[in-house]
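Going by the working numbering, the first residue of the sequence shown is number -5, and it counts up by one from there.
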Amino acid sequence: AYRTGRGLITMRAVVNTEEIKGRMCLVVTELPYQVNPDRLAASIREAVRDGKIQGIADMRDETSGRTGQRLVLVLKRDAVPKVVLNNLYKHSQLQQTFGANMLALVDGVPRTLSLDAFIRHWVSHQLEVIDRRTRYLKREAEERDHILQGYLKALDMIDEVVALIRSSKDVETARTGLMNLLDVDEVQADAILAMQL
């Protein structure tokens, strides 16, 4: 699946062998993707009852907020932990296969990619996003700087600017007067006119 971009990925639960009160136990601390702990416990009980899995004497769910996921399977005294674990993988959800289809849009066309190609395209996409965002922010800052330069010119001649705006009969006349008086362009003149005097 990693080389071709399509296939099955096998996922297994994290299971440790521990000795608790003189009995060998299998302790499940992590489950495969999308496996419900309650349904898993029920399916193990059913498999033990049906005789598919031999060697399990008791099962306790010790999951808590402090310890996290912890399902303890107490083995019978004559049971071999590796054999029981392999049977659990075979007959329960402790081992799952996950269908992978690594499909991505490359230049607007859907393609199935290998893992390394997938990562390569993702990194290049992220670089492109960062580049576009940076260009946009730079353009915004330059436009803001351009308007602020106009404000500075108006501030240097504030009395003349106020007199010009008050004596103008309409906005167009005021805009043209500001452009001639301050040597600013139309965008800067509009920004000055939009200010509250």
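Every residue gets a Cβ at the ideal spot worked out from N, C-alpha and C, and that includes glycine.
Treat the numbers as computed from the prediction; the structure is a model and nothing was measured.
request  = Given a cut-off of 9 Å, decide if valine 165 and glycine 144 are closer than it, judged by their beta-carbon atoms.
outcome  = No.
inquiry  = Let's see if you can read the secondary structure: which residues bound the beta strand (DSSP E) around alanine 51?
reply    = Looking at the DSSP string, the run of the beta strand (DSSP E) that includes alanine 51 is 50 to 55.
inquiry  = For a minimum of 3 consecutive residues, which ranges assigned as the beta strand (DSSP E) are wholly contained in the segment 57 to 127?
reply    = With a minimum length of 3 residues, the continuous beta strand (DSSP E) runs that stay inside the segment 57 to 127 are 65 to 69, 89 to 95, 97 to 100 and 103 to 106.
key: Pick from Ile38, Ser108 and Lys76 that is closest to leucine 65, judged by C-alpha positions   = For the residues Ile38, Ser108 and Lys76, the minimum Cα distance to leucine 65 belongs to Ile38.
request  = Look at glycine 1 and leucine 107 and say whether their C-beta atoms are less than 9 Å apart.
outcome  = No, the pair does not count as a contact, with Cβ atoms beyond the cut-off.
query = Is the beta carbon of glutamine 87 less than 9 Å from the beta carbon of threonine 23?
reply = Result no, Cβ atoms of glutamine 87 and threonine 23 do not sit closer than 9 Å.
query = Using the beta-carbon count (16 or more within 10 Å), is glycine 59 buried or exposed?
reply = Result: exposed.
For arginine 33 and arginine 105, the rounded distance between their alpha carbons = Taking the straight line joining both Cα atoms gives about 36 Å.
ask   = Three or more C-beta pairs closer than 8 Å, one from the segment 0 to 20 and one from the segment 72 to 84: is that the case here?
value = Taking 8 Å as the limit for Cβ pairs, the verdict is that the segment 72 to 84 does touch the segment 0 to 20.
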